[in-house]
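Asks:
Structure representation (structure tokens):
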């Protein structure tokens, strides 16, 4: 079971990207499970995902990297024992720290046998909204930087509505923070750039 | 097997950032006094998202995390989100071009930066009431 995490601040385009990536992986014959985490008491993303014919497990009322990590572990364990998907796509809240989510996922055990389940991790994708990067860095700089630093792949999103100057400056900014990462220009809305991410999910580690 | 939450998670400090975010979520059922068309529903959704953002910014919010809606009608479902102040909502999904929509089930999730949960809740509820009055929709809270 491989876990693919789509991180990024609120409003960055995680859910839109998730829907397109999940549909494409399903078309390629992969057995997909989806876990979406909303920080609020009322979850919306799961409903939107289900409108696209995809089944999503919702975890609400807290963040899976800390407040509701137990629910996350339990959901992963149940998915493993009951469905054993090839890939679990995880959309944490927009305030989650990607490495902590990864650590939490490493601690899952089979509910049936109690044995530790060895999971693989696909590269962590952090999506960055290039169209409002300046606003984000004013208001939530530390969190956005953390999500960028902990990514393996960084999707510079909304290239369909952003301008070239903003896209280029966002690329420079993320490259400076995380020189090891692979940076891909994407539009979650139009699907541009997502095929490269799908190849990384299937072949990267 | 009993599953316990992890207690030895490193670097919880990232979540101090949460303190800057105000959150509100609610499920609502709207009943229209008149039959509604697709365009009227889309207008209502746009107005609701915009009004909530305006109210929150007037109280000191400086960034929209997201304002998201999932809406169910007899003519289909749509999702809508607003992440940028003073811009139109992004709408995905579709509802049919029929004119007999009378009941709308709506799930709303608001997260903004710069004001606290109670202020987000209050401003969101005021916005809901205003937009419902303007569009002649009654509503009741589900949660």
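Protein chains in written order, with the working numbering: chain B, 85 to 289; chain S, 59 to 201. Virtual Cβ for every residue (Gly too), placed ideally from N, Cα, C.
Compare the C-alpha of residue 196 (chain S) against each of S:88, S:80, S:93 and name the closest.
Replies: S:88
Asks: Excluding five sequence neighbours on each side, which residues of the same chain lie with their C-beta closer than 6 Å to the C-beta of residue 108 (chain B)?
Replies: 282
Asks: For residue 161 (chain S) and chain B, any beta-carbon pair shorter than 8 Å?
Replies: no
Asks: Expressed to the nearest angstrom, what Euclidean distance is found between the alpha-carbon atoms of residue 125 (chain S) and residue 115 (chain B)?
Replies: Distance between the alpha carbons of residue 125 (chain S) and residue 115 (chain B): 31 Å.
Asks: Does the structure place the region 123 to 143 of chain B close enough to the region 242 to 260 of chain B that three or more beta carbon pairs sit under 8 Å?
Replies: no
Asks: Give a yes or no on whether 8 Å exceeds the smallest Cβ distance from residue 167 (chain S) to chain B.
Replies: yes
Asks: Ordered along the chain, which non-local residues of its own chain (more than five positions away) have a Cβ less than 8 Å from that of residue 278 (chain B)?
Replies: 101, 104, 105, 108, 270, 272
Asks: Let me know the secondary structure DSSP gives residue 254 (chain B) once reduced to three states.
Replies: helix
Asks: Under the three-state reduction of DSSP, which class applies to residue 273 (chain B): helix, strand or coil?
Replies: Three-state DSSP puts residue 273 (chain B) in coil, outside helix and strand.
Asks: Could you give the first and the last residue of the continuous beta strand (DSSP E) run that contains residue 168 (chain S)?
Replies: Taken as a continuous stretch (DSSP letters only), the beta strand (DSSP E) holding residue 168 (chain S) covers 159 to 171.
Asks: Does chain B have any CB closer than 8 Å to the CB of residue 72 (chain S)?
Replies: Legend: pLDDT at residue 72 (chain S) = 48, less than 50; position of this residue unreliable, value from coordinates given subsequently. Interface residue, yes.
Asks: Going along the chain, which residues of the region 217 to 240 of chain B sit with their C-beta nearer than 8 Å to a C-beta in chain S?
Replies: 219, 220, 222, 223, 224, 226, 227, 230
Asks: Which residues of chain B have a Cβ atom closer than 9 Å to the Cβ of residue 151 (chain S), listed in chain order?
Replies: 132, 135, 136
Asks: Starting from residue 109 (chain S), trace the alpha helix (DSSP H) in both directions and tell me its first and last residue.
Replies: For residue 109 (chain S), the uninterrupted alpha helix (DSSP H) run begins and ends at 96 to 116, by DSSP.
Asks: For residue 65 (chain S), collect the residues of the same chain with a Cβ closer than 7 Å to its Cβ; drop the 5 residues on either side in sequence, then sort them by chain order.
Replies: Its pLDDT being 40, under 50, residue 65 (chain S) is placed unreliably by the model, and nothing is read from it.
Asks: Across which residues does DSSP place residue 87 (chain S) in a beta bridge pair?
Replies: S:163, S:198
Asks: For residue 78 (chain S) and residue 175 (chain S), I'd like the C-alpha separation in whole angstroms.
Replies: 10 Å
Asks: Are the beta-carbon atoms of residue 223 (chain B) and residue 107 (chain S) separated by less than 8 Å?
Replies: Cβ atoms of residue 223 (chain B) and residue 107 (chain S): not closer than 8 Å.
Asks: Sorted by chain position, which residues of the same chain lie with C-beta nearer than 7 Å to residue 231 (chain B)'s C-beta, five sequence neighbours on each side aside?
Replies: 91, 92, 93, 182, 210
Asks: Please say whether residue 189 (chain S) and residue 105 (chain S) have beta carbons closer to each other than 8 Å?
Replies: yes
Asks: I want to verify the contact list: residues of chain S whose CB lies under 9 Å from the CB of residue 126 (chain B), in sequence order.
Replies: Close partners of residue 126 (chain B) in chain S (Cβ separation under 9 Å): 82, 83, 84, 85, 165, 166, 167, 201.
Asks: Grab me the residues of residue 240 (chain B)'s own chain with a C-beta within less than 8 Å of its C-beta, minus the 5 sequence neighbours each way, in chain order.
Replies: 212, 214, 251, 254, 255, 258, 267, 268, 269, 270
Asks: Give a yes or no on whether the minimum CB-CB distance between residue 275 (chain B) and chain S is below 8 Å.
Replies: Not an interface residue.
Asks: Would you please verify whether the beta carbon of residue 94 (chain B) is less than 8 Å from any beta carbon of chain S?
Replies: The beta-carbon of residue 94 (chain B) is placed less than 8 Å from the nearest beta-carbon of chain S.
Asks: Where residue 189 (chain B) and residue 81 (chain S) are concerned, what is the direct C-alpha to C-alpha distance, given to the nearest angstrom?
Replies: 26 Å
Asks: Please determine, among S:115, S:130, S:96, the residue with the shortest C-alpha to C-alpha distance to residue 135 (chain B).
Replies: Measuring from the Cα of residue 135 (chain B), the nearest candidate turns out to be S:130.
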